[in-house]
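A short write-up of the structure that comes next.
Residue numbers (this note's numbering): 4 to 124.
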């Protein structure tokens, strides 16, 4: 009977050690799980921050390029105005009114034929 009691006591002690080992492993796993959850939260926050940063950068770029396009359009408009002014000065375009008689005095044969044909209509 004593031998059986010692065997039982030894078996109970072994089971206690096993339970203690399981408790320690559970605590360790709980700590690791907690750390993983914390890491996951940090990663999630970083992803959200990165997304916000990208959106802000996109808005800044859009505003920058919109502004640049507007500036280029103004420059092109100014260049066209200057070119038009310069061209008209070079060609020295001025309108001079002349009389019908003056036009007829410089009329060529071809002009006369065309004029007569048009007047018939």
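Every residue gets a Cβ at the ideal spot worked out from N, C-alpha and C, and that includes glycine. Owing to the predicted nature of the structure, the values given are computational and were not obtained by experimental measurement.
N- and C-terminal bounds of the alpha helix (DSSP H) containing residue i
| i | result |
| --- | --- |
| residue 116 | 112 to 123 |
| residue 104 | 103 to 108 |
Distance, residue j Cα to residue i Cα
| i | j | result |
| --- | --- | --- |
| residue 77 | residue 71 | 10 Å |
| residue 93 | residue 66 | 40 Å |
| residue 101 | residue 110 | 13 Å |
| residue 86 | residue 79 | 10 Å |
| residue 32 | residue 14 | 27 Å |
| residue 68 | residue 57 | 16 Å |
| residue 54 | residue 22 | 47 Å |
| residue 36 | residue 12 | 35 Å |
| residue 43 | residue 64 | 31 Å |
| residue 84 | residue 74 | 15 Å |
| residue 39 | residue 60 | 31 Å |
| residue 82 | residue 88 | 10 Å |
| residue 30 | residue 50 | 30 Å |
| residue 52 | residue 41 | 16 Å |
| residue 34 | residue 45 | 16 Å |
Sequence-distant residues of its chain with Cβ nearer than 8 Å to residue i (five each side left out)
| i | result |
| --- | --- |
| residue 17 | none |
Cβ-heavy atom distance, residue i to the ligand SAM, below 6 Å
| i | result |
| --- | --- |
| residue 29 | Absent from the structure shown: the ligand SAM. Ligands present: none. |
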